[in-house]
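First comes the structure, then the notes that go with it.
Numbering (our numbering), first residue to last: 1 to 623.
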């Protein structure tokens with residue numbers, strides 16, 4: 001009979017055997033789960049223990065002007081990366097010494113990379129100079145987890161070209177941006193203004209990926225599977241713009257030292273030939289690593305260089321609004337080309353509204369030529385009382401005022417063209433009347449427009465009343481060489497009559513030949529039509545405006561110029577517009593005295609038209 005001790009031993013062995021078998025089954029089951037059932041989940045993680053995945057940024061698309069000249073290119077730069085899973089924090093002092101930065105800075109950037117992804121490589125230093133980059137490469141053996149990328153930053157081949165508000169700049173994506181979408185990674189850059197922002201999806205391209213083998217020290221052992229599973233990046237698409245570089249350079253030169261904006265359009269299709277918002281900023285200082293001192297300075301600048309006055313500015317247009325008023329009056333039957341209004345030197349409607357035009361009889365042509373406020377106060381009075389403010393609003397907005405025109409750069413404003421709803425909201429229902437509406441007829445009061453919108457008014461009067469879509473990009477060239485054309489078609493503004501618009505064009509021509517535009521805007525070689533304007537400014541010197549198109553019979557260019565605090569538009573804005581027209585249509589500037597006058601013009605110093613006529617005579621005789 002077996003002893004109790006033997007029975008207990010035999011039982012214990014069987015229990016142990018069962019436990020071993022169960023443990024083996026559990027291990028086999030777990031292996032089956034990991035290797036078979038959850039292969040797709042854990043295989044990438046296991047691979048990252050021996051492989052490093054690196055993102056390859058594509059080359060950003062290039063930007064060309066209307067003649068095919070390259071205006072935005074890419075320049076190679078060096079970037080230092082870190083893969084937190086392979087990085088030993090004990091090496092931070094070494095990396096900080098090599099980079100010549102504080103240890104705390106390296107710790108901060110490595111932590112940001114760790115927060116973003118523990119296994120993926122992330123940028124920690126960009127635009128590293130070649131000498132520092134070489135030193136890092138020589139010491140890479142003692143810095144497991146540290147790597148590099150050769151990337152690019154924006155380069156601008158034409159040294160003197162700014163075009164900052166057109167082209168825009170790039171900045172690193174915020175944490176919220178790269179966490180919100182898989183399209184961006186830590187350290188990636190994205191367009192923050194101008195065409196760079198508006199066409200980000202086209203310019204950016206598609207990211208690539210490469211896998212490299214690493215050892216236990218995190219050192220690079222070469223490509224995995226000879227790059228068989230790598231994905232090549234796809235370069236961004238190229239933009240072909242409508243910008244005339246020579247015209248843009250001249251516009252920037254003429255607006256130097258001034259505040260305001262210039263917009264030049266092709267009246268036939270709305271293509272933007274030139275756009276300047278002054279003052280500008282230097283996009284070259286924002287193209288790579290952020291120059292914080294410069295960034296802080298332009299943000300603190302009270303003239304606000306980052307603000308695009310051409311599309312975001314809102315100013316009363318003053319007398320440049322009168323051609324559109326004349327067209328509305330003709331369309332509504334309030335006036336005919338022969339209608340004459342007596343101007344005693346003022347208009348009286350509950351109060352006296354003074355007029356700088358000489359007393360006398362005025363038809364619409366003479367009223368435009370001499371910019372008679374009385375005529376247009378009277379016309380606004382009749383439109384408001386006979387047709388209603390909302391009808392006036394409808395006609396004005398059809399020309400692109402008080403609305404977005406969907407130009408292909410960001411931050412366009414709608415401006416303000418009041419209607420009854422607007423006055424009810426601002427002044428109170430039943431608390432406004434004709435006195436609040438009269439000033440609208442001379443482009444004052446609650447009217448607020450951008451230079452882009454006034455360029456559209458000039459272009460659309462010049463082209464006979466066809467609505468055009470303002471745009472910068474005429475074509476997008478994709479990687480396969482195909483071209484996406486973006487030229488929009490023009491549409492007839494239904495209410496505009498050809499005979500009526502010819503009356504307005506004739507009046508605008510008389511502004512240049514006999515009116516306030518005759519000092520600077522009248523060219524011997526080209527017939528120019530235009531309208532000067534001086535907008536009241538409660539905060540200082542009045543703003544000077546000029547809108548124009550040329551040649552009169554078949555316009556090829558329309559220009560709007562705003563010089564803030566420039567005083568009379570005839571002496572501040574008109575000379576700039578005339579020089580741009582002369583350059584664009586003739587290829588050169590013959591009137592050096594006008595150029596010299598613009599370059600020395602001080603916006604806060606105002607003279608009378610008579611004094612300016614004497615100045616221009618003296619300068620031309622001296623020349």
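Every residue gets a Cβ at the ideal spot worked out from N, C-alpha and C, and that includes glycine.
- Between residue 81 and residue 123, the CB-CB gap stays under 8 Å.
- In terms of Cα proximity to residue 344, the closest of 375, 477 and 320 is 375.
- Rounded to the nearest angstrom, the gap between the Cα atoms of residue 69 and residue 251 is 18 Å.
- For residue 75, the uninterrupted beta strand (DSSP E) segment begins and ends at 70 to 82.
- When C-alpha distances from residue 153 are compared across 143, 161 and 169, the shortest belongs to 169.
- Close CB contacts of residue 516 within its chain, under the 7 Å cut and outside five residues either way in sequence, are with 371, 532, 570 and 609 (chain order).
- Here residue 556 carries a coil assignment [DSSP, helix/strand/coil].
- Per DSSP, residue 152 is one residue of the beta strand (DSSP E) stretching across 146 to 155.
- Taking a C-beta distance under 8 Å as the contact criterion, residue 265 and residue 529 do not qualify as a contact pair.
- By the Cβ-count criterion, residue 248 is buried, with 16 or more other Cβ atoms from all chains shown falling within 10 Å of its own Cβ.
- Sequence-distant partners of residue 105 (beyond 5 residues in either direction) whose C-beta falls short of 6 Å from its own C-beta are missing from its chain.
- If you draw a straight line from the Cα of residue 89 to the Cα of residue 107, it comes to about 8 Å.
- Taking one beta carbon from each stretch, the segment 297 to 306 and the segment 276 to 286 have 3 or more pairs nearer than 8 Å; the two touch.
- Within the same chain, 543 come within 6 Å of residue 537 by CB-CB distance, once the 5 residues on both sides are set aside.
- Unbroken alpha helix (DSSP H) stretches of 4 residues or longer found wholly inside the segment 277 to 363: 292 to 300, 309 to 312 and 322 to 331, given in chain order.
- Here DSSP, grouped into helix, strand and coil, assigns residue 514 to coil.
- For residue 380, the enclosing alpha helix (DSSP H) has its first and last residue at 373 to 382.
- Straight-line spacing of the CA atoms in residue 126 and residue 148 works out to 10 Å.
- Under the DSSP assignment, residue 132 falls in the alpha helix (DSSP H) whose first and last residues are 130 to 138.
- Residue 461 is a Cβ neighbour of residue 501, given a cutoff of 8 Å.
- In terms of Cα proximity to residue 352, the closest of 560, 373, 488 and 270 is 373.
- Taking residue 432 as the centre and dropping the five residues before and after it, the same chain places the C-beta of 423 closer than 7 Å to its C-beta, in chain order.
- The three-state secondary structure of residue 414, taken from DSSP, is coil.
- Leaving aside the five residues that flank residue 493 on each side, the residues in its chain whose CB is nearer than 6 Å to its CB run, in chain order, 398, 465 and 467.
- Segment contact: the segment 202 to 212 against the segment 233 to 249, three or more CB-CB distances shorter than 8 Å; contact assigned.
- Your pair residue 450 and residue 313 checks out as a contact, with CB atoms roughly 5 Å apart and the cut at 8 Å.
- A distance below 7 Å between beta-carbons, with the five flanking residues on each side excluded, links residue 229 to the following residues of its chain, in chain order: 211.
- Closest in C-alpha terms to residue 174, from the list 225, 116 and 29, comes 116.
- Around the beta carbon of residue 320, 16 or more other beta carbons lie within 10 angstroms, which makes this residue buried.
- By the neighbour-count criterion, in which 16 or more other beta carbons inside 10 Å mark a residue as buried, residue 456 falls on the buried side.
- In the DSSP assignment, residue 467 forms a beta bridge with 491.
- By the Cβ neighbour-count rule, residue 415 is buried, with 16 or more other Cβ atoms within 10 Å of its own.
- Taking C-beta atoms as the reference points, residue 563 and residue 573 count as a pair closer than 8 Å.
- Here residue 172 really is in contact with residue 188; their C-beta atoms are around 7 Å apart, less than 8 Å.
- Segment contact: the segment 376 to 395 against the segment 346 to 365, three or more CB-CB distances shorter than 8 Å; contact assigned.
- If only complete runs of 4 or more residues are kept, the segment 204 to 257 shows the alpha helix (DSSP H) at 245 to 254, in order along the chain.
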